[in-house]
Amino acid sequence: MGQADSNIMGWELGPDWTELTQECLLDIFSRLSLEERWTGPMFVCKTWMNACQDRSVNSVFDLEAKFQTLPSSTSWWWDPEFGDKIDSVIRSVVDWSEGGLKEVRVRHCTDSSISYIAKRCPNLEVLSVKYCPKVTDDSMLHIALMCPKLKELDISFSYKISCVCVDMVGKNCKNIQTFKRNLMDPAEVMRLELTRSVLSNYLKDPSIFLIYGNIDAHVIGKHMHQLKHLELRFSTLSNNGLAQLCEGCSNLEYLDLSGCSKLTSDGVTNSISNLKHLKEIKKPSFPALLFD
185 MGQADSNIMG
195 WELGPDWTEL
205 TQECLLDIFS
215 RLSLEERWTG
225 PMFVCKTWMN
235 ACQDRSVNSV
245 FDLEAKFQTL
255 PSSTSWWWDP
265 EFGDKIDSVI
275 RSVVDWSEGG
285 LKEVRVRHCT
295 DSSISYIAKR
305 CPNLEVLSVK
315 YCPKVTDDSM
325 LHIALMCPKL
335 KELDISFSYK
345 ISCVCVDMVG
355 KNCKNIQTFK
365 RNLMDPAEVM
375 RLELTRSVLS
385 NYLKDPSIFL
395 IYGNIDAHVI
405 GKHMHQLKHL
415 ELRFSTLSNN
425 GLAQLCEGCS
435 NLEYLDLSGC
445 SKLTSDGVTN
455 SISNLKHLKE
465 IKKPSFPALL
475 FD
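Listed below in structure tokens is the structure:
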């Protein structure tokens, strides 16, 4: 191409990015976030779409950062149609990863997609299913049995997942180092009650956790000896439950007990005295003692 041909209206033509090699494309796309890939490169041309669907760039599926940037009261998140869309995206990423998916952080999915992950991604290491009212023990038991390499699990605010699941995960996933089982702040429950599209039974389910606190603590202490990071915000565990937990999880480095109203200051102090590796603890707000 001559000098004159390479200029149009005085503008020099740039390189044809659609002709980049597959190796170059994968190197570039691996540096982009999931959202950046899905809202741009995938729609440029077929070559770029194929690169975005390559297994090497689909080992991580993380929507948590996106959820955190949006208002938590977004009502349409709770619509069944939204859950179906999340499930569809998860299944696509699982297929593209060809079983190589290692990290999943998502909200508002259902048993369908979690079971799909469990059956096809045996190397899964991280799973976060916060605020998932339609994820139950059914799919999580599949995770416990089929994903033994799991290192991090967050089931916070997913009230259909019971202590049965916690027990099975503890028995089968011996690499668990991070476990999060946070319950809702009562203030958040009140706020969600004003969001009319939130499933009514979802807000009633937390009441069953009044009896789960010590059961969870017992199971965690019995089976998750390798834990380093544990979050149990607003759990109903008692001083005895915490003592059992700390005795079994002596390697804990981080412990969050915020909002655990059944604990006492002395109970927490006595229990954590066994945790020689503890670096940070978040304690409940204990009532101030009044003296005459």
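When the letters of the sequence shown are read in order and numbered with my numbering, they come out as residues 185 to 476. Ideal Cβ positions, reconstructed from N, Cα and C, are used throughout, including at glycine. This structure is a prediction, so every number in the text was calculated from the model and none was measured.
Cβ-based burial, residue i [other Cβ within 10 Å; buried from 16]
i: residue 461; result: exposed
i: residue 187; result: Residue placement at residue 187 cannot be trusted, given a pLDDT of 49 that sits under 50; the coordinates are not used to answer.
i: residue 358; result: exposed
i: residue 338; result: buried
i: residue 283; result: exposed
i: residue 327; result: buried
i: residue 401; result: buried
i: residue 464; result: exposed
i: residue 351; result: buried
i: residue 271; result: buried
i: residue 428; result: buried
i: residue 217; result: exposed
i: residue 457; result: exposed
i: residue 249; result: exposed
i: residue 185; result: Because residue 185 carries a pLDDT of 47, less than 50, the predicted location of this residue cannot be relied on, and the following value inherits that uncertainty. With fewer than 16 Cβ atoms within 10 Å of its Cβ, residue 185 is classed as exposed.
i: residue 317; result: buried
i: residue 274; result: buried
Residues bridged to residue i [DSSP beta-bridge criterion]
i: residue 312; result: 289 and 338
i: residue 362; result: 336 and 413
i: residue 464; result: 438
i: residue 244; result: 287
CB-CB length for residue i against residue j, believed under 8 Å
i: residue 331; j: residue 370; result: Contact doesn't hold; Cβ gap of about 33 Å is too wide.
i: residue 354; j: residue 406; result: 7 Å
i: residue 310; j: residue 287; result: 4 Å
i: residue 366; j: residue 340; result: 4 Å
i: residue 291; j: residue 247; result: 7 Å
i: residue 444; j: residue 468; result: 5 Å
i: residue 411; j: residue 433; result: 5 Å
i: residue 239; j: residue 280; result: 6 Å
i: residue 399; j: residue 363; result: Not quite, the Cβ-Cβ distance comes to about 15 Å (not below 8 Å), so this is no contact.
i: residue 449; j: residue 418; result: Wrong, their Cβ atoms sit about 18 Å apart, outside the cutoff.
i: residue 298; j: residue 319; result: 6 Å
i: residue 245; j: residue 277; result: 5 Å
Residue i, enclosing beta strand (DSSP E) - first and last residue
i: residue 395; result: Neither: residue 395 is in no beta strand (DSSP E) and is coded neither H nor E.
i: residue 345; result: Per DSSP, residue 345 belongs to no beta strand (DSSP E) and is neither H nor E.
Residue range of the unbroken alpha helix (DSSP H) whose run includes residue i
i: residue 319; result: From DSSP, residue 319 is part of no alpha helix (DSSP H); its letter is neither H nor E.
i: residue 251; result: 248-253
i: residue 264; result: 264-281
i: residue 448; result: Element bounds for residue 448: n/a, residue is neither H nor E.
i: residue 304; result: 295-304
i: residue 484; result: Only positions 185 to 476 of the chain appear in this structure, which leaves residue 484 out of reach.
Distance cut-off 8 Å: residue i Cβ against heavy atoms of the ligand NAP
i: residue 292; result: Absent from the structure shown: the ligand NAP. Ligands present: none.
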